[in-house]
Amino acid sequence: MASRARVRAPELIGKGGWLNTGGNDLTLTDLRGRIVILDFWTFCCVNCLHVLDELRELEERHRDSVVIIGVHSPKFVHEADHQAVVDAVERYGVEHPVLDDPELATWKQYAVRAWPTLVVIDPEGYVVAQHAGEGHAHAIETLVEELIAEHGAKGTLRRGDGPYVPPEPVATDLRFPGKAVRLPGGTFLVSDTTRHQLLELAADGEEVLRRIGSGERGLGPDSFNEPQGLALLPDGTVAVADTVNHAVRVFDPATGTLETVAGTGKQWWQGSPTAGPAREVDLSSPWDLAWWQDRLWIAMAGVHQIWAYDPADGTVAVAAGTTNEGLVDGPAAEAWFAQPSGLAAAGDRLWIADSETSAVRWIERAADDAADGYVVRTAVGTGLFDFGHRDGAAEQALLQHPLGVTALPDGSVAVADTYNHALRRYDPASGEVTTLATDLREPSAAVLADDDIVVVESARHRLTRLRLPEEAVRVESVAHRTQRAATDIAPGTLRLDVVFQAPAGQKLDTRYGPSTRLLVSATPPELLADGAGAGKDLARDLVLADGVSEGVLHVSAMAASCDDAPDVEYPACHVHQQDWGVPVRITGDGTARLGLVLAGLDAE
Numbered sequence: 001m002a003s004r005a006r007v008r009a010p011e012l013i014g015k016g017g018w019l020n021t022g023g024n025d026l027t028l029t030d031l032r033g034r035i036v037i038l039d040f041w042t043f044c045c046v047n048c049l050h051v052l053d054e055l056r057e058l059e060e061r062h063r064d065s066v067v068i069i070g071v072h073s074p075k076f077v078h079e080a081d082h083q084a085v086v087d088a089v090e091r092y093g094v095e096h097p098v099l100d101d102p103e104l105a106t107w108k109q110y111a112v113r114a115w116p117t118l119v120v121i122d123p124e125g126y127v128v129a130q131h132a133g134e135g136h137a138h139a140i141e142t143l144v145e146e147l148i149a150e151h152g153a154k155g156t157l158r159r160g161d162g163p164y165v166p167p168e169p170v171a172t173d174l175r176f177p178g179k180a181v182r183l184p185g186g187t188f189l190v191s192d193t194t195r196h197q198l199l200e201l202a203a204d205g206e207e208v209l210r211r212i213g214s215g216e217r218g219l220g221p222d223s224f225n226e227p228q229g230l231a232l233l234p235d236g237t238v239a240v241a242d243t244v245n246h247a248v249r250v251f252d253p254a255t256g257t258l259e260t261v262a263g264t265g266k267q268w269w270q271g272s273p274t275a276g277p278a279r280e281v282d283l284s285s286p287w288d289l290a291w292w293q294d295r296l297w298i299a300m301a302g303v304h305q306i307w308a309y310d311p312a313d314g315t316v317a318v319a320a321g322t323t324n325e326g327l328v329d330g331p332a333a334e335a336w337f338a339q340p341s342g343l344a345a346a347g348d349r350l351w352i353a354d355s356e357t358s359a360v361r362w363i364e365r366a367a368d369d370a371a372d373g374y375v376v377r378t379a380v381g382t383g384l385f386d387f388g389h390r391d392g393a394a395e396q397a398l399l400q401h402p403l404g405v406t407a408l409p410d411g412s413v414a415v416a417d418t419y420n421h422a423l424r425r426y427d428p429a430s431g432e433v434t435t436l437a438t439d440l441r442e443p444s445a446a447v448l449a450d451d452d453i454v455v456v457e458s459a460r461h462r463l464t465r466l467r468l469p470e471e472a473v474r475v476e477s478v479a480h481r482t483q484r485a486a487t488d489i490a491p492g493t494l495r496l497d498v499v500f501q502a503p504a505g506q507k508l509d510t511r512y513g514p515s516t517r518l519l520v521s522a523t524p525p526e527l528l529a530d531g532a533g534a535g536k537d538l539a540r541d542l543v544l545a546d547g548v549s550e551g552v553l554h555v556s557a558m559a560a561s562c563d564d565a566p567d568v569e570y571p572a573c574h575v576h577q578q579d580w581g582v583p584v585r586i587t588g589d590g591t592a593r594l595g596l597v598l599a600g601l602d603a604e
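Numbering (this note's numbering), first residue to last: 1 to 604.
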C-alpha cells in the first residue's frame, strides 16, 4: 500500500537544539527500534495545540514503544527565539522531546507545508505515513498497533524507556497566566493557565488571596484545563473560557461554586451543530469572552469564529465567521477570522484581537440595524503573512500576534501586542497606532485599574501595573513576512492534488453524498484567473492569471472516513481537515503540480 512506501527518514537537525532530553542530542539512529512520530508544530497555532492534546492518550498508552518528537518550526519571528520555545514547551505541558528548528531545516527535509503535520517513522527508520491538520489520532493509533505487531514479530521493535527528561519545576505564584479581570472589590481574578487554576490576587496584583481549582486537568466542579479568558457578568459572577475543555464555565466569587454553561467537553468538528442548547453544542478552544449587548461573546479560536451565548434562553450560536482562516471583512456570516484570541466591549463595538493575522478588528451592527445584522471590519492588519512593529497610520501599521484588547476611557483601544513584547494603542478618532510600553514579556491581556492599566505579562508570570502614558514610546519600525520559502510554480495551469488515503480499517463515508470538500482562494485574489471557490473533489486545475508574479494560495480540505465494519450498524466516523497557506512564486521553470498531503504519502 502507498502509505508503506520505503522512504528513508531524513535526519533531525535544528539550530536551536533539543529540549526535554536532559541536555542530550538525539539522532534517528538513537531511536532505531522505536516507532517515531514527528509532530511539526509552532506555538502560535491553535490547531497545533489541539494535536498536542490529541496525542496525549496515545503517548501514554504506548510510552514503551513510541517516541513522539516535537519539531518546532516557527511562523513568527518571535517563535524563532529559543527561550520562547522553552517557555511554550512548559506552557502547553509538552511531555516529549522537542527539536527547536528556527531555520526550518528539518521542516524542509520532510517537505512539510503546513502546521500541524505528523510524520510516522517505523522502527527501521522509514517514513510510513504523513498527516496534515487535526483529527488523525485514531488513524495513527491504528497504524501504531500494526507497526508494533509487525516489528514485534520481525524482532525489530525495541521496547523500553523513552528519551524524555522532564525539566525542573520552577516556583512562582503564577505560571504563564492568560487573562485577568478586576472584581468589584478591587481584587484581580487571573487565569493561571499552565497550572489549570484561577487565582485571586489582592489589589496590589501580587498577594495571593486564594486558588480556585485542584490544579489537575479536568471538567469537574473543582477543575479546569488551561483556562484563558475571563469576563465579569452583570450578576457579579465571572465567565471562564476553559480552553482545552472546550467549555465556558461560570465561577461565583461569593460562593466559590463553578458551573459549566456551554460546551460538552468535546471539540467541535465540521458537521457538528452550530447553534442550540448551550450544554449540548460542542465548542472549540474558546480563548476569550466579553459581555456585550446582553450576550456573552466568545472568541472561538479553534474554528476561527466568534460565537455568542444567550443566558436568557441558555443557547449558543455562531455569530460571525465561516471557519475559513484569513482576513475577510463584511457581513458577519461571510467574514474570515484567524484565531481570534482577545475581546473587549466598548459601546457599539466589540473589539477583537485576531492573532494569526496580527490584526485588530471589530464587530458592529449593520447600517440597516437588522435584528441580528452584524458586520466585521478591520482597523489594523492585512493578512496571515505580514507582521512586525510599525507605528503610524493604521493602514500601514504592523502588529505581531496580538492576544488581547482593552477598551480605554477615551475611546481608543490598548492592544497586548504579544510577540512584540509591547502594549500598543489604536485610536479610531485619528486612525493612528502608537506604542504605549515596551519590554513586556509576551503580554497576553490588560485590565484597567483606576488611572492605571495592569498588564498580564504571561512569560514573566506576573501582573505589571503601568500608568497610562500621555505620550507614546518611540520604537524602531520593523516589518516581517513569514520565513517559509515560496514554492516556484509554472505559469498557466497548476494541478492541485490534495492527497488523502483513508487510514487502515477505514473507508470514505459516502452514505450521504461526497465525503470530501475543497475550498481554494488566493491573496491577492487576482492571482487566480480560474479555480477559486468550493467543490467536492480533492483535485482541481487552477489557472494562474497573467501579470501576477507571487502570492499565497489558501487551500482548505476536509475528508470524512468511517470504520470499515460491515457488521456494525453505526460505525465510528472521523473527520480529517487542514488549512494550508502556500506562498508561491511564478517562474518559467516552476512546477505544474502542487501536492498537499492531508493523509497518506504523495506518490508523485
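For each residue, glycine too, the CB sits at the ideal point set by N, CA and C.
Would you please state the rounded distance, in angstroms, between the beta carbons of residue i and residue j? I believe it to be under 8 Å.
{"i": "Trp-292", "j": "Leu-233", "result": "Actually they do not touch by this definition, with Cβ atoms about 12 Å apart."}
{"i": "Gly-213", "j": "Ser-223", "result": "6 Å"}
{"i": "Ala-422", "j": "Leu-440", "result": "6 Å"}
{"i": "His-78", "j": "Tyr-419", "result": "4 Å"}
{"i": "Asp-452", "j": "Leu-468", "result": "7 Å"}
{"i": "Gly-600", "j": "Ala-129", "result": "7 Å"}
If distances are taken between C-alpha atoms only, which option among the options comes closest to residue i?
{"i": "Asp-497", "options": "Val-51, Ala-592 and Thr-322", "result": "Ala-592"}
{"i": "Gln-305", "options": "Val-455, Glu-168 and Val-376", "result": "Val-376"}
{"i": "Glu-168", "options": "Val-144, Glu-90 and Ala-111", "result": "Glu-90"}
{"i": "Arg-34", "options": "Cys-44, Ile-68 and Asn-47", "result": "Ile-68"}
{"i": "Asp-100", "options": "Thr-21, Thr-29, Ile-140 and Ala-379", "result": "Thr-21"}
{"i": "Glu-59", "options": "Cys-562, Thr-27 and Glu-141", "result": "Glu-141"}
{"i": "Arg-361", "options": "Arg-390, Val-328, Gly-392 and Asp-386", "result": "Val-328"}
{"i": "Trp-336", "options": "Glu-95, Ala-359, Ala-346 and Ala-345", "result": "Ala-359"}
{"i": "Lys-266", "options": "Asp-122, Gly-218 and Gly-256", "result": "Gly-218"}
{"i": "Gly-70", "options": "Ser-412, Val-98 and Val-548", "result": "Val-98"}
Between residue i and chain D, is the shortest Cβ-Cβ distance under 8 Å, so that the two count as touching?
{"i": "Gln-400", "result": "You won't find chain D in this structure, because it holds only one protein chain."}
Taking all protein chains shown into account, decide if residue i is buried (16 or more other Cβ within 10 angstroms of its Cβ) or exposed.
{"i": "Gln-83", "result": "exposed"}
{"i": "Leu-12", "result": "buried"}
{"i": "Val-478", "result": "exposed"}
{"i": "Leu-209", "result": "exposed"}
{"i": "Ala-137", "result": "buried"}
{"i": "Gln-400", "result": "buried"}
{"i": "Gln-396", "result": "exposed"}
{"i": "Gly-513", "result": "Bear in mind that the predicted position of Gly-513 carries a pLDDT of just 48, short of 50, making it unreliable; the figure below should be weighed with that in mind. Answer is exposed; the Cβ neighbour count stays below 16."}
{"i": "Asn-24", "result": "exposed"}
{"i": "Ser-458", "result": "buried"}
{"i": "Val-165", "result": "exposed"}
{"i": "Lys-75", "result": "buried"}
{"i": "Lys-179", "result": "buried"}
{"i": "Val-120", "result": "buried"}
{"i": "Ala-416", "result": "buried"}
{"i": "Glu-57", "result": "exposed"}
{"i": "Pro-409", "result": "exposed"}
{"i": "Ala-171", "result": "exposed"}
{"i": "Val-281", "result": "buried"}
{"i": "Gly-321", "result": "buried"}
{"i": "Pro-102", "result": "buried"}
Could you tell me the boundaries of the beta strand (DSSP E) in which residue i lies?
{"i": "Cys-44", "result": "Element bounds for Cys-44: n/a, residue is neither H nor E."}
{"i": "Glu-550", "result": "550 to 563"}
{"i": "Gly-595", "result": "593 to 600"}
{"i": "Val-89", "result": "Val-89 -> not in any beta strand (DSSP E); alpha helix (DSSP H) instead, spanning 82 to 91."}
{"i": "Lys-507", "result": "506 to 508"}
{"i": "Pro-286", "result": "286 to 292"}
{"i": "Tyr-678", "result": "No statement about residue 678 is possible, as the shown extent of the chain runs from 1 to 604 and does not include it."}
{"i": "Phe-224", "result": "No beta strand (DSSP E) contains Phe-224, which DSSP labels as neither H nor E."}
Note down, in chain order, each residue of its chain lying with its Cβ closer than 7 Å to the Cβ of residue i, except the 5 sequence neighbours on either side.
{"i": "Leu-174", "result": "Val-190, Asp-192, Leu-199, His-461 and Arg-462"}
{"i": "Ala-529", "result": "Val-543, Leu-544 and Ala-545"}
{"i": "Ser-341", "result": "Trp-287, Asp-288, Ala-299, Ala-301, Ala-353, Ser-355 and Leu-403"}
Could you spell out where the alpha helix (DSSP H) holding residue i opens and where it closes?
{"i": "Lys-108", "result": "105 to 109"}
{"i": "Lys-154", "result": "137 to 154"}
Give every residue of the same chain whose Cβ lies closer than 6 Å to the Cβ of residue i, excluding the five residues on either side of it in the sequence, and list them in chain order.
{"i": "Asp-488", "result": "Arg-585, Thr-587 and Gly-590"}
{"i": "Thr-274", "result": "Val-318"}
{"i": "Ala-539", "result": "Asp-497"}
{"i": "Leu-519", "result": "Ala-534 and Ser-556"}
{"i": "Ala-522", "result": "Leu-528, Gly-551 and Leu-553"}
Going along the chain, which residues of its own chain have a beta-carbon closer than 8 Å to the beta-carbon of residue i, five neighbours each way excluded?
{"i": "Val-261", "result": "Ala-239, Val-248, Arg-249, Val-250, Ala-278, Arg-279, Tyr-309, Pro-311 and Gly-314"}
{"i": "Ala-366", "result": "Pro-331, Gly-373, Tyr-374 and Val-375"}
Between residue i and the ligand ZN, is the CB less than 7 Å from at least one heavy atom?
{"i": "Arg-32", "result": "Summarising the ligand content, the structure contains no ligands, and the ligand ZN is consequently not present."}
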